[in-house]
């Protein structure tokens, strides 16, 4: 779990940096980052909740 | 944003921005999509044939939490792979202006090549479309050779409508040479 969370946090920071720095379209950047967090953050939450309940 | 970093010259106009053809990204994302579905396929397979599990005296209901945990982890890593592919696709770019060509090659995260060459130094530009799928979807490779000792040749694969791109670059080069010929005082940088 710690490994997954660590990898997720580092990847999110890298993704945010690249889209914020190198994108040519602010709208696409925003949409990409929102889609990423909306699709992945609930999964991290689920993993955390399962770990708490086990 | 990128254009603040590239710093276009005064009056420099962007003629076209090109990314790789949609088929290229779709082909790459298809692999990720299949990976995303693998745990669901396995789970469905196990549910369809409960005899396999019964042979090992395993009950799925006992391990629901573990299964969901593993699946969530799998989905996170697969989604990260998918977003990596999308990021590399979107940040890989050809920018054709009326003065130069800017080629941005996003190889990996933190591995990025930005090449710029001026149109008046362009010696030759050629395209090739090889294979059934590239011919059908009209995408191919573009090669640009420059006369400068300091700039290397540029090559990019999977570009959409390379014939049109070649024409745009050729037209822009001719216009640039014409401008420089009429007004040689125009700075060449």
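Chains as they are written, first to last, in this note's numbering: chain B, 1 to 54; chain X, 1 to 189.
Ideal placement from N, C-alpha and C gives every residue a C-beta, glycine not left out.
Since we're looking at a predicted model, the values are computed, not measured.
By Cβ distance below 8 Å, which residues in the same chain neighbour residue i in space, the five residues on each side in sequence not counted?
i, result
"residue 33 of chain B", "15, 16 and 19"
"residue 13 of chain X", "97 and 98"
"residue 24 of chain B", "none"
"residue 54 of chain B", "none"
"residue 85 of chain X", "25, 28, 29 and 32"
"residue 81 of chain X", "32 and 35"
"residue 105 of chain X", "92, 112, 113, 114, 115 and 156"
Would residue i pass as an interface residue toward chain B - the criterion being a Cβ-Cβ separation below 8 Å?
i, result
"residue 34 of chain X", "no"
"residue 85 of chain X", "no"
"residue 26 of chain X", "no"
"residue 73 of chain X", "yes"
Enumerate in chain order the residues of its own chain whose CB-to-CB distance from residue i is below 7 Å, with the five nearest sequence positions on each side excluded.
i, result
"residue 15 of chain X", "96, 97, 98, 168 and 172"
"residue 20 of chain X", "89, 92, 158 and 159"
"residue 145 of chain X", "123, 124 and 153"
Along chain B, in chain order, which residues have C-beta atoms closer than 9 Å to that of residue i?
i, result
"residue 63 of chain X", "Correct list: empty, because the minimum Cβ distance to chain B is about 11 Å."
Name, please, each residue of chain B whose Cβ falls closer than 7 Å to the Cβ of residue i.
i, result
"residue 68 of chain X", "46 and 50"
"residue 76 of chain X", "4, 8, 40, 43 and 44"
Which residues in chain X sit within 9 Å of residue i, going by Cβ to Cβ distance?
i, result
"residue 15 of chain B", "80, 83, 84, 87 and 109"
Please list, in chain order, the chain X residues whose beta carbon lies closer than 7 Å to that of residue i.
i, result
"residue 36 of chain B", "83"
What is the DSSP secondary structure of residue i, reduced to helix, strand or coil?
i, result
"residue 127 of chain X", "strand"
"residue 30 of chain B", "helix"
"residue 16 of chain X", "strand"
"residue 160 of chain X", "strand"
"residue 61 of chain X", "helix"
"residue 112 of chain X", "strand"
"residue 25 of chain B", "coil"
"residue 99 of chain X", "coil"
"residue 136 of chain X", "helix"
"residue 153 of chain X", "coil"
"residue 147 of chain X", "coil"
Can you give me the Cβ contacts of residue i inside the same chain, cut-off strictly under 6 Å, excluding the 5 residues immediately before and after it?
i, result
"residue 36 of chain X", "78"
"residue 103 of chain X", "94, 115 and 154"
"residue 190 of chain X", "The displayed coordinates of chain X run from 1 to 189. Any statement about residue 190 of chain X would go beyond what the structure contains."
What residues of chain B sit near residue i, judged by a beta carbon separation below 8 Å?
i, result
"residue 93 of chain X", "24"
Beta carbon of residue i: closer than 7 Å to some heavy atom of the ligand ZN?
i, result
"residue 22 of chain B", "The model depicted lacks the ligand ZN and carries no ligand whatsoever."
Check the Cβ-Cβ distances between residue i and every residue of chain C, and say whether any is below 8 Å.
i, result
"residue 44 of chain B", "Structure shown: chain C not included; protein chains present are B and X."
Between the segment 38-48 of chain B and the segment 61-73 of chain X, can you find at least three pairs of beta-carbon atoms closer than 8 Å?
Cβ pair count under 8 Å is three or more, so yes.
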